[in-house]
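To start, the structure under review is shown below, and the notes come after it.
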Amino acid sequence: MRSGFTILLSSLAVAAAQLALGQGTTMSLPNTVEAGTAFSIQSTGSGKATLYIIGTGQVLKRDVQLGETVSFPAGSLYNAGRYLAVLAQESSTQNGSFDVVPAKKPVDMSFFAKPSRLPVGLHNAITGTVFVFDTYHNLISAPTPVSFELSTPSGAVQKRTVVSNQGAAWTAMDSTAQQGIDRFVARVEDVSSTRIVGQVPGDPCTLKMSARPSGQQVELITDPVRDCSGNAIPDGTIVTFTQTYKRTQSTIDQPLKRGVAQVTMQVHPGATLSVASGVVMGNQIGWVR
Amino acid sequence: MTVQRHFIILFAGCVALSHAMAAQVAVHVEPMRLQTSRPLTDQSKAAVIRDYLHAWNGLQAALEQNRPELLDADFVGIARDRLADTVHQQGQLGIRTHYQDRSHDLQILFYSPDGMSIELTDKVEYDVQLIDHDKVISTRRENARYLVVLTPSEVRWRVRVFQSTHD
Chain A
1 MRSGFTILLS
11 SLAVAAAQLA
21 LGQGTTMSLP
31 NTVEAGTAFS
41 IQSTGSGKAT
51 LYIIGTGQVL
61 KRDVQLGETV
71 SFPAGSLYNA
81 GRYLAVLAQE
91 SSTQNGSFDV
101 VPAKKPVDMS
111 FFAKPSRLPV
121 GLHNAITGTV
131 FVFDTYHNLI
141 SAPTPVSFEL
151 STPSGAVQKR
161 TVVSNQGAAW
171 TAMDSTAQQG
181 IDRFVARVED
191 VSSTRIVGQV
201 PGDPCTLKMS
211 ARPSGQQVEL
221 ITDPVRDCSG
231 NAIPDGTIVT
241 FTQTYKRTQS
251 TIDQPLKRGV
261 AQVTMQVHPG
271 ATLSVASGVV
281 MGNQIGWVR
Chain B
1001 MTVQRHFIIL
1011 FAGCVALSHA
1021 MAAQVAVHVE
1031 PMRLQTSRPL
1041 TDQSKAAVIR
1051 DYLHAWNGLQ
1061 AALEQNRPEL
1071 LDADFVGIAR
1081 DRLADTVHQQ
1091 GQLGIRTHYQ
1101 DRSHDLQILF
1111 YSPDGMSIEL
1121 TDKVEYDVQL
1131 IDHDKVISTR
1141 RENARYLVVL
1151 TPSEVRWRVR
1161 VFQSTHD
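Chains A and B, in that order, give the protein sequences.
Just so you know, we're using my numbering here: the first sequence kicks off at 1 and counts up by one.
Just so you know, we're using my numbering here: the second sequence kicks off at 1001 and counts up by one.
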């Protein structure tokens, strides 16, 4: 009985000592750590312990001597996020948390430009989206100026500067009147990224054909086909010639070659000839011969 | 149109409810503050929220079982790589972590004009449990604000950036 009481007292004394040890151990954590920089964690107390740094981005584990400063060299923690620090001894633990924040300097970006090819003369049709990252590919959520520049071969330039919001910045620009290859550049400080945007002619603006006899048949030929900005419609674009005669129609599709479409067809006297490309209608000719 | 809208809202509610019932997670969605001119349909909004909440299940399973392949359905790019690295680090150190989300307060911030990315914030409350060689070392409740970018994949939105921020 006495022996049991002694064991109980001994157990209580050990437990009390361990609690005191646990209570006497403290851990001093930084509030924030910039990604990739050195930092340290100070502990008080004595004895050995294990220090865990736990996050969804990284995990570290160190055997430490309590009462000493645990130093983490630059590059130890580089993924931004919330980290849990746990200082564990045999019978007690201390925990706390701190944040690893992105480095301030932008070093990388994701630049999405759409579309890669579009007709000329469209308002706000070219969009660019940028996400700004530091050297460890942490999204920099602090407001950061992002400049966008769309330049055409003729030298025309559209510029916008947008301040990123929570790491994202976007803009919309017009396609210009002239066909060609545009350079779409996004720039954050000394980091830039370029996308190529092809501007192609729009729909034909005016479509005009002429007709002349060619033996027993009639030769139909268009004027050079251009969009409303004067850009030549690309070869291969289909032009449709239609003959309407006594409620019957016959059509011939012909691709543009060297800017014009040309066809020779049998035409009934009194027929009406018309030309179209896509939704654009051209002129009509009444064939009387 | 109204019926369809109500159905979508009901669907989003069911998604949130099913996630909440599975682990007693409270989900609150703030009104959108979209930066772009591109409208976000109720259907897309519901899908993004559903897929993001589902991603927490993948994260929990991968970090608790130290199996990076469990991330593949929900994460892509840098987010997937980072989480997979963490899983490998845990495995090398003989530790596991259990993340249990308790509540989410979500707000969609940005829908890119090309429709290829959505950014949201999540004020999330969660428990983190540290397990070293099957011994529970510590459990702690945390509140953090996550910045999340999702991109569309074949059949779902997947998390491309998953990063808690310091406010």
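Every residue gets a Cβ at the ideal spot worked out from N, C-alpha and C, and that includes glycine.
| Item | Value |
| --- | --- |
| When the Cα of T251/A is compared with those of T135/A, Q58/A, T272/A and G259/A, which residue comes out closest? | T272/A |
| Taking T135/A as the reference, which of Q266/A, R160/A and M109/A has the closest Cα? | M109/A |
| Within the 7 Å Cβ cut-off, does T1165/B reach chain A? | yes |
| The beta strand (DSSP E) with G180/A in it runs from where to where? | G180 to V188 |
| Mind checking the stretch 124-150 of chain A against chain B and listing, in chain order, the residues whose C-beta falls within less than 9 Å of any C-beta there? | N124, T127, G128, T129, F131, F133, H137, N138, L139 and S141 |
| Measure the CB-CB distance between G236/A and P255/A and report whether it falls below 7 Å. | yes |
| Check the C-beta distance from Y78/A over to F98/A and give it rounded, since I have them as a contact under 8 Å. | Rounded, the Cβ-Cβ distance is 14 Å, inconsistent with contact. |
| Take the Cβ of I196/A as the centre, count every other Cβ of all protein chains shown within 10 Å, and call the residue buried at 16 or more, exposed below. | exposed |
| Taking C-beta to C-beta, are G45/A and G75/A nearer than 7 Å? | no |
| In terms of alpha-carbon separation, which member of G155/A, T161/A, A156/A and M265/A lies closest to P143/A? | T161/A |
| List, in order along the chain, the chain A residues whose C-beta lies closer than 9 Å to that of E1142/B? | R82, L84 and S97 |
| From Q284/A to L150/A, what does the alpha carbon distance come to, in whole angstroms? | 41 Å |
| So which residues on chain B does K104/A lean against when the C-beta distance must stay under 8 Å? | In chain order: nothing, as chain B lies at least about 13 Å away. |
| Please report whether the beta-carbon of Y78/A lies at a distance below 7 Å from any beta-carbon of chain B. | no |
| Taking only beta carbons into account, state which residues of the stretch 151-183 of chain A come closer than 8 Å to chain B, listed in chain order. | N165, Q166, G167, A168, W170 and A172 |
| Would N124/A be called buried (16 or more neighbouring beta carbons within 10 Å of its own) or exposed? | exposed |
| Let me check understanding here. Comparing Cα to Cα, which of F1110/B, Y1099/B and E1154/B lies closest to N1143/B? | Y1099/B |
| Would you mind giving the Cβ-Cβ distance between A88/A and S1138/B, rounded to the nearest angstrom? I have them listed as a contact below 8 Å. | 7 Å |
| Would you give the residue range spanned by the alpha helix (DSSP H) that S229/A belongs to? | Here S229/A belongs to no alpha helix (DSSP H), and DSSP marks it neither H nor E. |
| Where does R258/A land, buried or exposed, given buried means 16+ other C-beta within 10 angstroms? | exposed |
| Please list the terminal residues of the continuous beta strand (DSSP E) segment that includes A172/A. | A168 to M173 |
| If we cut at 7 Å on Cβ distances, does Q1090/B have a partner in chain A? | yes |
| Express the C-alpha separation of I1108/B and L21/A in angstroms, rounding to a whole number. | Model confidence at L21/A stands at a pLDDT of 36, short of 50, so the residue's coordinates are unreliable; what they give is reported in the following sentence. Their Cα atoms are separated by approximately 47 Å. |
| Under three-state DSSP, which class holds D1132/B? | strand |
| Consider the Cβ of G57/A: report whether some Cβ of chain B lies at a distance smaller than 7 Å. | yes |
| Examine chain A for any beta-carbon lying closer than 7 Å to the beta-carbon of T1151/B, and answer yes or no. | no |
| How far does the beta strand (DSSP E) with G81/A in it extend, from its first residue to its last? | G81 to A88 |
| Considering V1048/B, what are the terminal residues of the alpha helix (DSSP H) in which it resides? | D1042 to Q1065 |
| Which of the three DSSP states is assigned to Q1090/B in this structure? | helix |
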